[in-house]
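Enquirer: Mapped onto our numbering, the consecutive letters of the sequence shown carry residue numbers 243 to 282. Backbone N, C-alpha and C fix where the C-beta goes; we use that ideal spot for every residue, glycine too. Only a predicted model underlies this, so the values are computations on that prediction, with no experimental measurement involved. I'd like to ask some things about the structure below.
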Amino acid sequence: MKSLLFIKEVWLFCSCSRGDNKKRSDIDIAIICSNITNQE
């Protein structure tokens, strides 16, 4: 797995994170990044 140093936080917010998910539930994520350039 590649290390992505510009990723600061990853948040999971959905029924899966609450524990009341169903077999076909999706997931919702938010990724917080630092300022990055096109080279990254």
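(1) Do L254 and I271 count as a contact pair if the criterion is CB distance below 8 angstroms?
(2) Give the single residue among S276, D268, N277 whose Cα lies nearest to the Cα of C258.
(3) Identify the continuous beta strand (DSSP E) that holds C256 and give its terminal residues.
Expert: The short version:
(1) Here residue 271 refers to the residue found at position 29 when the sequence shown is read from its first residue. Here residue 254 refers to the residue found at position 12 when the sequence shown is read from its first residue. In this structure, I271 sits near L254, with a CB-CB distance shorter than 8 angstroms.
(2) Position 16 of the sequence shown, counted from the start, is the residue given in the question as residue 258. Looking at the Cα atoms, D268 is the closest of the given residues.
(3) Numbered from its first residue, the sequence shown carries residue 256 at position 14. Counting along the chain, C256 sits inside no beta strand (DSSP E), nor does DSSP assign it H or E at all.
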